[in-house]
Amino acid sequence: MDLSQFAQQTINALSLGSIYALVAIGLGVVFSIARMVNFAHGELLTIAGYTLYGLFGRVPWPVAIAGAIAAASAAAVVMERGVFRRVKSADPVALLIVSFALSLMIQAVLLILMGGTAKSIDYPSWVQASFTLGGVNVAWRDVATCVVTFAVLIALVRFLKQSVVGLALRASAEDRDVARLLGVDPRKVIVAAFAISGALAGLAGIMWFSNSGTVTPSSGFEPLMKGFIAAVLGGLGSLGGAVVAGLGLGILEILLRNVLPDGMLGLSDGLVFVAIIVVLLIRPEGLFGKVGREV
Amino acid sequence: MNAETRGGRHLRTLAGIAILGAVVVIVGLTYGGASATTERVFVLFAINLVAAIGLQTFMGTTGVVSFGHIAFMGIGAYAAALLTTPSVLKKSSIPDAPGFLRDADLSFLPATVLAVLFTCFVGCLVGFAIVRLSGTSATISTYALLVIVGIAIINLPDVTRGNQTFYGIPKETTVGMAILFAVAAIAVARVFQDSRVGLLLRASREDQLSAAGSGVPVRRYRLYAWVLSIAIVAAGGSLYAHYVTAISPASFSLQLTFVVVTMVIIGGRGTSGAFVGALLVTAINEIMRQFNGQISIGSVETEVGSLTPLILGTIVIAIMVRRPGGLLGDREIDDVLAPLGRRLRLRAGKTEQPTAEKG
Amino acid sequence: MDTGANVLAVSGAVVKYGRITALHGIDLVVGKGELVCLLGANGAGKSSLLNAVAGLVPLAEGRIEFSGKDVTGVSCHKRNHAGISLSPEGRRILADLTVRENLRLAAARLPKGDQAGRIGEMFELFPVLERKLDSSGGFLSGGEQQQLAIARALLSDPDLLLLDEPSLGLDPINTGKIFDSLGSLKERGLSILLAEQNVTRALELADRAYVLETGRVSISEDARNLSGEEIERAYLGLATTPGGSF
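Here you go:
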C-alpha cells in the first residue's frame, strides 16, 4: 500500500471511528444517568435515516439534517417517557430486556410502514463528491464526519462543564441523591439525557447512511453493535473512553479489512467479542471507566 | 404456610412433573397425532418447550438473563446432525471434514447423547467465565457468546458448510420423540430446581453477598445450573435439527433468542412458567401464521410475518411493567393446585389437619 | 410552642427499609430560629430521620409539616425548592465536580443577579472555598469538604438547614470551625436541625435536644436541662469526653 492509499484508509478509519464514538457516547450518557443499556439506540439511527429519506429533495438539506436529528431525539424521549419510565423495577436487566423488545418492535413497525426494501437516501451531491489533496482522494463526507464529530465533542464537553443543565447531568450521573438534594429534578435530567443521546444518534445516523446511501428497518443494528462494543470496552460512563474506543474500533476495522483475507473478517469480529467478555471479567468498568461505574 | 417434610416436597416435585408431563402426553397423542398440520404445531411446541425449559433452568435459578443459550442449541443441533446425517450425503456436502465425522452414521438417540456431552463440554469451558459475572455484565457476555458461536460455525465451513444450509439430516423427530424429550426436560429441570443446589441458588438469587458469606458455593452451583441448562437446550437443538432436516447459522439467531427469552420472561421463573410461556408464544406464533399465510423454510420456529414481534414485544413490556416475575412468578403448577387439593380432601371428609405433618 | 411558629413539625414518623423499621413513630418540632440537636448512638435513626425530612426516603406512616404545609408526599427536589436543605452524612461531595461547579449547581435556582452575591456570602463564612475554587471535590480535605457541603446546602437560601454529623471524622480544629460557623448562622436566624455525636459542642449551641434510641425519641429537653446521666444514656452506657466525640 502506498502513502496515498494509507492516508485514504486513515481517513476512512477516522470517519468510521467517529461514528462509533458518537454511538458509544450516546449509549454512555443514558447509562450514566438512567443506569440502563438502551438496546433500542440503534433504531434511533434508523429513524434518522428514514427521516432523511423523506426530507432530502423536499426541503433544503440543512433543514433535512436538523429534522433527522430532531426526529431521533424526539424518538428517544418518547422511548423514555412512554416505556422505560413505566418499568418500575429499577433492575437494569429488566430495562435491557424492555429496550431489546422495543428495538425489535420498532423494526417491525418500520417494516410494516416502509417495507423491507432498501430505501435510497438522496444526499446532496457534495456529500459524495471528493477532492484531491496531495495525491490523496478525500471524500467530503469523511471530512464532514470527522470535523462535525470533533466540533460536537467540544460542544458537548463545554456544555457539560459550563451549563447548569450539564452540571446537573454530571451530578446526577455521579450521585443521584445529592443531585436531588440540590434541587435537581431527576425526571427532567433523565429526559435531557435521552434527548441528548437521541441527538447524538441522529447525527451518527446521518453520517452512517452517507456511507451506504440506503436504509432498511434493521440498518441500526450494525452501528449499535459497534458503538456498544466501543462503549463497553472504553467504559460506559467515560466520555474520553468512548471516544478512544470508538476511534480505536474504527481503526481496527479498517486495518483488518485491508490486512486480512476476506474469509477471516468474521473471525476478527469474534475476537472483539471475546475481548468484551475478558474486559467485563477483569475490568468491568471498561478500560477507561471509573471504578464503581460498572455495567 | 406449613413447613413441608422432605417427603412432602418430593411428592410435590413428582406431582409437578406428572401434571405437566401428562398435559404434554395427552396433547401430543390427541392433537399432535390428528393431522400433519397439528403434528407440526405440536412438535414445534415441544421444541420450544425444551429450549425454554433449558433456558429457564439457568435464568430461573440464577436470575441472570442469558442471550447465549441459543448458541448452544445450535452447537447441539450441528453436532448431532453431523453424526446422524448419512455418510453418503456428507461425502458430497462436507467433503473436507475430518474422517470420523464424515463416516459417522449414528442413530438419533446416541448421536443426541454425544452431541449433548460435547456441547456441555464447550459450555463448561465458557461457563467458568460466565458464572463470575452478574447482572448486565453476564447478560452482555452471553450475548457475546451467541455472536462468537455464530461466527465459529460460519468459519468452519469444512464441518458445518459455513453460511450455507447443512442438509440431509434424517427426520427422526416424531410426535413420540417430541413427547419423550419434552417430558424428560420437564423432569430433569424440575428435579434440579427442587434439589438442594437448586433451592440454595434460588435463595441466593436476590442477595448474592450474604449467600456467599454463609458458605454457599454460589459460583460452583451456578456452573451446575449453567451446564445442565445447556444440556437441555442442546438436546432441544438435536430435536429441532432432526425435524427440519436442514439447518444453518441463521436458524440460531438473535430473533430466535428473543422468542425463547420471551417465553421464559412471560411465563415465569419456574418450570411451569417456562411451560406456560412456551405454550403462549407458540400459540401466538401459530395464530399469526394463520393471518399472514407465509411459510418459512428452515426457520420454522421464528416469527412469521411482521406483526408477531410487535405482539410479543408488547406482552414482554407489559409483563416487565406489571409483573416482572412473569405470569407465574416463582410458583409451580403444584403450588397453584395445592390449596385446591387440600380443600377437596377436607370436603371429602378426611380429617386432615393442614398443620400436622408426620416427620 | 404553638404550631404557627414551628418551621418543622414531624408527627408519628415511621421509616422502614424493607422489613427493618428504622423509625418507630417520631414526634419532633423545630421552632423558627431554633437550633435543635438530635443525639443518639450509631444506628439510632438520626440519619433516617434527617433523610426523611429532606425527602430522600419516604415515610411509611406519619406526617411532616414544613412551615405549616404538609410536605409528606412532596418529592425531594421540590422540598429543596421550598426551603429545606440537607448536608448529608458523609458529606457526599460531588467529587467529579470542582468547588466552583458544586457551588454553581447549588446556587442555580436563585435569580441570576443574586447568585454571585450569595456565593460571596459563603466565601465570608468559609474562606477556604474561595481559595480552592478550581479543585475537584475529591481533592479537598475532610474539613474543606464539610464546609463545601454546608455551603452547598445554604446556597439555596433555605428556611431549614438539616445537618447530618458534620463533625464526623474531623479533627478538633476543623470541628471548631464548623461549629463556629453554625453559631453565626444561628445568630442570623436560620432554623437548624443538627444530628451530632459530638454531644458537648452540639449542646453548647442548641436550644433543645432530642435523644434517639433505636428509632424512638427517648428524651426531649431544653439543652440546658440535660444532665450528664441522660447524655450517657443516649449512648447506651458509653461515656463522652469533653470537647470530642467518644
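Residue numbers (our numbering), protein chains in the order written: chain A, 17 to 311; chain B, 483 to 841; chain C, 491 to 736.
From the three backbone atoms N, C-alpha and C, an ideal C-beta is built for every residue, glycine too.
All of these numbers come straight from a predicted model, not from anything done at the bench.
Interface residues of chain C facing A:D191 [CB-CB closer than 8 Å]: R582 and L584
Residue-chain proximity (A:P300, chain B), Cβ-Cβ < 8 Å: yes
Partner residues on chain B for A:L296, Cβ-Cβ distance less than 7 Å: L615, S619, I622 and S623
Chain A residues whose Cβ lies nearer than 7 Å to that of B:N637: In chain order: G282 and L283.
Coarse secondary structure for B:A559, derived from DSSP in three states: In the structure shown, B:A559 sits in a helix (DSSP, three-state: H, G or I).
Candidates C:N570, C:V505, C:L529 and C:K506: closest to A:D201 by CA position: A check of alpha carbon separations from A:D201 across C:N570, C:V505, C:L529 and C:K506 identifies C:N570 as the nearest.
CB contact below 8 Å: C:S631 versus chain A: Output row for C:S631: interface = no.
Neighbour flag for B:D578 against chain A, beta carbons, 8 Å: no
Which listed residue (A:T165, A:V288 and A:A50) has its alpha carbon closest to that of A:V205: Looking at A:T165, A:V288 and A:A50, the one whose alpha-carbon comes closest to that of A:V205 is A:A50.
Beta carbon of A:G44 nearer than 8 Å to that of A:L263: no
Minimum Cβ-Cβ distance from B:S778 to chain A less than 8 Å: Low per-residue confidence applies at B:S778: pLDDT is 43, beneath 50, and the placement is therefore not dependable enough to give any value.
Backbone secondary structure at A:A23 - three-state DSSP: helix
Contact list for B:A634 against chain A, beta-carbon separation under 8 Å: Simply G286.
Closest by C-alpha distance to A:S136, when choosing among A:S226, A:V152 and A:S146: A:S226
Enclosing alpha helix (DSSP H) for A:T165 [first to last residue]: W156 to Q178
C:L623 beta carbon less than 8 Å from that of C:T665: no
C:L693 in three-state terms, based on DSSP: helix
Neighbourhood of B:F554 by C-beta distance below 8 Å, restricted to the same chain and skipping five residues each side: Exclusion of the five residues before and after B:F554 leaves T601, V604, G605, V631, I712, V715, A716 and G719 as the residues of its chain whose Cβ lies within less than 8 Å of its Cβ.
Collapsed DSSP secondary structure at C:D712 in the structure displayed: In the three-state reduction of the DSSP assignment, C:D712 falls in the strand class, which pools E and B.
Per-residue DSSP class, three states only, for C:I510: strand
Span of the beta strand (DSSP E) around C:G552: E551 to F556
Close beta carbons around A:T230, own chain, < 8 Å, minus the five adjacent residues each side: A134, K135, S136 and I137
A:I151 to A:Q25 span [Cα, whole Å]: The question names Ile, yet the displayed sequence has Gly at residue 151 of chain A. Across the structure, A:G151 and A:Q25 are spaced so that their CA atoms are roughly 13 Å apart.
Cβ-Cβ distance between A:I270 and B:V798 below 8 Å: no
Residue closest to C:S501, alpha-carbon to alpha-carbon, out of C:Y507, C:S671, C:G679 and C:G515: Looking at C:Y507, C:S671, C:G679 and C:G515, the one whose alpha-carbon comes closest to that of C:S501 is C:G515.
Segments assigned beta strand (DSSP E), at least 3 residues, entirely inside the segment 539 to 600 of chain C: 551 to 556 and 574 to 577
Where C:A531 sits in the DSSP three-state scheme: In the three-state scheme derived from DSSP, where H, G and I count as helix and E and B as strand, C:A531 is classed as coil.
Proximal residues to C:G628 (C-beta, below 6 Å), its chain only, five neighbours per side dropped: A585
Chain C within 8 Å of A:P202, Cβ atoms only: yes
Cβ of A:V194 within 8 Å of any chain C Cβ: yes
Whole-angstrom distance between C:R621 and A:G182, CA atom to CA atom: 24 Å
Identified DSSP bridge partners for B:F648: B:I729
Whole runs of the alpha helix (DSSP H) within the segment 228 to 295 of chain A, excluding any shorter than 4 residues: 237 to 250 and 255 to 275
Endpoints, beta strand (DSSP E) assigned at B:S575: It is not in any beta strand (DSSP E) - B:S575 instead sits in the alpha helix (DSSP H) that spans S569 to S575.
Cβ-Cβ separation, B:L762 to B:I747 (assumed contact under 8 Å), whole Å: Their Cβ separation, rounded to whole angstroms, is 11 Å, which puts B:I747 and B:L762 out of contact at 8 Å.
Test: B:I712 CB closer than 8 Å to a CB of chain A: no
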